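Visitor:
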Amino acid sequence: MTELLDVLKRRIRAGGPIPVSEYMSACLLHPQFGFYCRKDPFGSAGSFTTAPEISQMFGEIVGMFLAQVWLDQNSPGEFTLAELGPGRGTLMADLLRSARVVPGFREAAKVVLVEHSPELKKRQLSSLDERNIDWVNFSCDLPDKPLYLIANEFFDALPVRQYVKRQSAIEEIRVGLDNGRLVPGISRLAPEAPDTRDSDIAGSEIVELRPSAEAVLRPICEKISEFGGVALIVDYGDWEIRGSTLQAVHRHGRVDPFSSPGCADISAHVDFKSLSGLAGEAAVTEMTTQGEFLLRLGIRERARKLSKNLKGRALEEHAAAFERLTSPEQMGSLFKAVAFYSCHFPLPPGFSK
Ligand code: SAH
């Protein structure tokens, strides 16, 4: 797919090198050629496999988590059950099925999905087999009600800007052209002032900032502190991120993020410290690993139960999926979780603090 490459080349020739965030955003969400806006970006030859696509257990545990917090918060009678960036809709489908065991939860929930891609909205509609769903483009459009929300591998898709400090001046890394190829480099264009304290950008290391995280997370935390609820965020990242973490995956393999815009899934690790700093009046848990979180919420027992009906190849695949989700060598440690919740209610389950 060279169309997006041509679009970007024209843009850079006309206006000069573009911020990494503008590049990332075009790669993922360009209305015609963005990765998520193409027909079935997660097809069988798709680029990556997210936790809910690995096993139904992930969505089931998230469903139990949200339903438990709902119970702990005195089961509000009408609430929003939301997901940011639901992909194929698999997580929400598994979540809704598992939460059916909690009386009253499904009936009180209005499902609202935050999604930009028209192609993925169609896909979500067919996976969910539900009529009573709304879509919004932005989290600030979520209803003024108690909010129970999951975001899995969403924040890593939000564009990052990259800065570096040279001779005490802050410079921005921008994507320009070199012999017709897209390349990142320090731009001579004066950078717009980064929205951060100067001390955050020290030394010669690249610093990534994700300006749109605030516009996404602040309204969510405000709703939670005003009306009650919880937002569970699970993503690839760590408490503090250093250096450039921009990466692209195409057909399950790593590729150069600048070589094939629009064909690969492009993301950057999530800095949980800066996300936690956006809590405002909402309480925030400590960060934990995905493995710990799932094990504390009973994924091992669930895995055992499901394995009773399986044998041969299916049983092996099920055991491998459990390992993949929880083992420290696999997604168990690379992925982390935090929850934002109403400070009037107990700590959500799965977190130690
Ligand atoms: N959560 C899913 C898929 C993650 S892929 C899973 O776990 O399988 C990222 C998802 O976020 C896609 O659905 C993509 O279209 C959506 N997305 C990416 N950037 C977005 C943005 N700025 N606003 C709304 N949705 C976005």
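According to the working numbering, the sequence shown is numbered sequentially starting from 614.
Beta carbons: idealized from backbone N, C-alpha and C, even for Gly.
Small disclaimer: the values here were computed from a predicted structure and weren't measured.
What is the C-beta distance between Pro874 and Ala680, in whole angstroms, given that I count them as a contact (C-beta under 8 Å)?
Guide: What you label residue 874 is simply residue 261 of the sequence shown in a count that begins at 1. What you label residue 680 is simply residue 67 of the sequence shown in a count that begins at 1. Going by Cβ atoms, the distance from Pro874 to Ala680 rounds to 41 Å, so no, they are not a contact pair.
Visitor: Considering only residues of the same chain and omitting the five flanking positions on each side of Met944, which have a CB-CB separation below 7 Å?
Guide: Your numbering for residue 944 matches position 331 in the sequence shown. Cβ neighbours of Met944 beyond the five flanking positions: Ala664, Gln903, Arg937 and Leu938.
Visitor: Mind checking Ser730: buried by the 16 CB within 10 Å criterion, or exposed?
Guide: Position 117 of the sequence shown holds residue 730. Counting Cβ neighbours within 10 Å, Ser730 comes out buried, since at least 16 surround it.
Visitor: Scan the segment 691 to 742 and note each continuous alpha helix (DSSP H) run of 4 residues or more that stays entirely inside, going in chain order.
Guide: Segments of the alpha helix (DSSP H) lying fully in the segment 691 to 742: 703 to 712, 718 to 721 and 731 to 741.
Visitor: Is Thr693 near the ligand FAD, going by C-beta to nearest heavy atom under 6 Å?
Guide: With respect to small molecules bound, the structure shown includes the ligand SAH and not the ligand FAD.
Visitor: Distance, Cα to Cα, Ala627 vs Val788?
Guide: Numbered from its first residue, the sequence shown carries residue 627 at position 14. Numbered from its first residue, the sequence shown carries residue 788 at position 175. Taking the straight line joining both Cα atoms gives about 13 Å.
Visitor: How is Met614 classed by DSSP in three states: helix, strand or coil?
Guide: The residue labelled residue 614 in the question sits at position 1 within the sequence shown. Caution applies to Met614, whose pLDDT of 49 falls short of 50 and renders its modelled position unreliable; the value that the coordinates give is listed next. Here Met614 sits in coil by DSSP.
Visitor: From the DSSP output, in three-state form, read off Ala861 for me.
Guide: Within the sequence shown, the letter at position 248 stands for residue 861. Strand.
Visitor: Under DSSP, the beta strand (DSSP E) around Gly904 begins and ends at which residues?
Guide: Taking the sequence shown and counting its residues from 1, the one referred to as residue 904 is at position 291. Where Gly904 is concerned, there is no enclosing beta strand (DSSP E), although the alpha helix (DSSP H) it sits in stretches over Gln903 to Arg909.
Visitor: Would you tell me roughly how many angstroms separate the C-alpha atoms of Pro961 and Lys918, rounded to the nearest one?
Guide: Numbered from its first residue, the sequence shown carries residue 961 at position 348. Numbered from its first residue, the sequence shown carries residue 918 at position 305. Computed Cα separation, rounded: 24 Å.
Visitor: Considering just the uninterrupted stretch of the beta strand (DSSP E) at Ser880, what are its terminal residues?
Guide: What you label residue 880 is simply residue 267 of the sequence shown in a count that begins at 1. That run of the beta strand (DSSP E) goes Asp878 to Ser880.
Visitor: Check whether the segment 838 to 852 and the segment 952 to 961 touch, using three or more Cβ-Cβ pairs below 8 Å as the test.
Guide: Contact holds: three or more Cβ-Cβ distances are below 8 Å.
Visitor: Identify every residue that forms a DSSP beta bridge with Gln776.
Guide: By 1-based counting over the sequence shown, the position of residue 776 is 163. Before going on, a small fix: residue 776 reads as Tyr here, not Gln. Its beta-bridge partners are Glu785 and Val820.
Visitor: Which residues mark the beginning and the end of the alpha helix (DSSP H) in which Leu919 is found?
Guide: Numbered from its first residue, the sequence shown carries residue 919 at position 306. Ile912 to Ser920 is the extent of the alpha helix (DSSP H) around Leu919.
Visitor: Is it buried or exposed, Glu784, if we count other Cβ atoms within 10 angstroms and call 16 or more buried?
Guide: Locating residue 784 in the sequence shown gives position 171, where the first residue counts as 1. Classification of Glu784: buried, given that the 10 Å Cβ count is 16 or more.
Visitor: Determine the direct distance from the alpha carbon of Ile786 to that of Pro797, and round the result to whole angstroms.
Guide: In the sequence shown, counting from the first residue as 1, residue 797 sits at position 184. In the sequence shown, counting from the first residue as 1, residue 786 sits at position 173. If you take the alpha carbons of Pro797 and Ile786, they lie about 6 Å apart.
Visitor: Taking the Cβ atom as the reference point for each residue, do Arg909 and Met670 lie within a distance shorter than 7 Å?
Guide: Looking up residue 909 in the sequence shown gives position 296. Looking up residue 670 in the sequence shown gives position 57. No, the pair does not count as a contact, with Cβ atoms beyond the cut-off.
Visitor: Taking the alpha-carbon positions, what's the Arg913 to Leu617 distance?
Guide: Counting from 1 along the sequence shown, the entry for residue 913 is found at position 300. Counting from 1 along the sequence shown, the entry for residue 617 is found at position 4. For Arg913 and Leu617, the distance between alpha carbons rounds to 44 Å.
Visitor: Within this structure, are the beta carbons of Lys652 and Glu728 separated by less than 7 Å?
Guide: Position 39 of the sequence shown, counted from the first residue, corresponds to residue 652. Position 115 of the sequence shown, counted from the first residue, corresponds to residue 728. No, Cβ-Cβ distance for Lys652 and Glu728 is not below 7 Å.
Visitor: Whose C-alpha, out of Phe885, Thr662 and Leu755, is nearest the C-alpha of Ala934?
Guide: Position 321 of the sequence shown, counted from the start, is the residue given in the question as residue 934. It is Thr662 whose Cα lies nearest to the Cα of Ala934.
Visitor: For Ala895 and Leu762, which I take to be in contact (beta-carbon distance under 8 Å), what is that distance rounded to the nearest angstrom?
Guide: Start at 1 with the first residue of the sequence shown, and residue 895 comes out as number 282. Start at 1 with the first residue of the sequence shown, and residue 762 comes out as number 149. In fact, because the Cβ distance is near 12 Å, the residues do not count as touching under 8 Å.
Visitor: Based on Cα-Cα distance, which residue from Asp884, Lys778 and Glu696 lies nearest to Ala826?
Guide: Numbered from its first residue, the sequence shown carries residue 826 at position 213. When only C-alpha atoms are compared, the closest one is Asp884.
Visitor: From the DSSP output, which residues share a beta bridge with Val897?
Guide: Within the sequence shown, numbered from 1, the residue matching residue 897 stands at position 284. Paired residue(s): Phe953.
Visitor: Between the alpha carbons of Gly963 and Asn765, how many angstroms are there, rounded?
Guide: Reading the sequence shown from its first residue, position 350 is the one you call residue 963. Reading the sequence shown from its first residue, position 152 is the one you call residue 765. So the alpha carbons of these two residues sit roughly 16 Å apart.
Visitor: By DSSP, does Pro959 sit in helix, in strand, or in coil?
Guide: Position 346 of the sequence shown, counted from the first residue, corresponds to residue 959. Three-state result, Pro959: coil.
Visitor: Please indicate yes or no: does the CB of Asn765 lie closer than 6 Å to some heavy atom of the ligand SAH?
Guide: Here residue 765 corresponds to residue number 152 of the sequence shown, with the count starting at 1. Asn765: yes, Cβ under 6 Å from the ligand SAH.
Visitor: Using the C-alpha atoms, what's the distance from Leu928 back to Ser920?
Guide: Within the sequence shown, numbered from 1, the residue matching residue 920 stands at position 307. Within the sequence shown, numbered from 1, the residue matching residue 928 stands at position 315. If I take the Cα positions, the gap works out to 6 Å.
Visitor: Residues in the same chain with beta-carbon distance under 7 Å from Pro632, minus the five sequence neighbours each way, listed in chain order, please.
Guide: Against the sequence shown, residue 632 aligns to sequence position 19. Taken in chain order, the residues that qualify are Arg774, Glu785 and Arg787.
Visitor: Take the Cβ of Ala881 as the centre, count every other Cβ of all protein chains shown within 10 Å, and call the residue buried at 16 or more, exposed below.
Guide: Within the sequence shown, residue 881 is the residue found at index 268, counting from 1. The residue is buried, with at least 16 neighbouring Cβ atoms inside 10 Å.
Visitor: Would you identify the three-state DSSP class for Leu755, choosing helix, strand or coil?
Guide: Sequence index remark: in the sequence shown, residue 755 carries index 142 (1-based). Note: Leu755 maps to coil in three-state DSSP.
Visitor: Is it the case that the Cβ atoms of Gly672 and Leu708 are separated by a distance below 7 Å?
Guide: Sequence index remark: in the sequence shown, residue 672 carries index 59 (1-based). Sequence index remark: in the sequence shown, residue 708 carries index 95 (1-based). Cβ atoms of Gly672 and Leu708: closer than 7 Å.
Visitor: Rounded to a whole number of angstroms, what is the C-alpha to C-alpha distance between Asp811 and Arg855?
Guide: Locating residue 811 in the sequence shown gives position 198, counting from the first residue. Locating residue 855 in the sequence shown gives position 242, counting from the first residue. Confidence is the limiting factor: at Asp811 the pLDDT is only 49, short of 50, which leaves the residue's position unreliable, though a coordinate-based value still follows. Roughly 16 Å between the two C-alpha positions.
Visitor: Within 6 Å: the Cβ of His729 and any heavy atom of the ligand SAH?
Guide: Within the sequence shown, numbered from 1, the residue matching residue 729 stands at position 116. Because some heavy atom of the ligand SAH lies under 6 Å away, the Cβ of His729 counts as near it: yes.
Visitor: I'd like the list of long-range same chain contacts for Leu741, defined as Cβ closer than 7 Å, with 5 residues on each side in sequence excluded.
Guide: By 1-based counting over the sequence shown, the position of residue 741 is 128. For Leu741, where only same-chain residues beyond five positions count, the Cβ hits under 7 Å are Gly702, Met705 and Ala706.
Visitor: Any chance the CB of Ala770 is under 6 Å from a heavy atom of the ligand SAH?
Guide: Position 157 of the sequence shown, counted from the first residue, corresponds to residue 770. Answer for Ala770: yes, Cβ within range of the ligand SAH.
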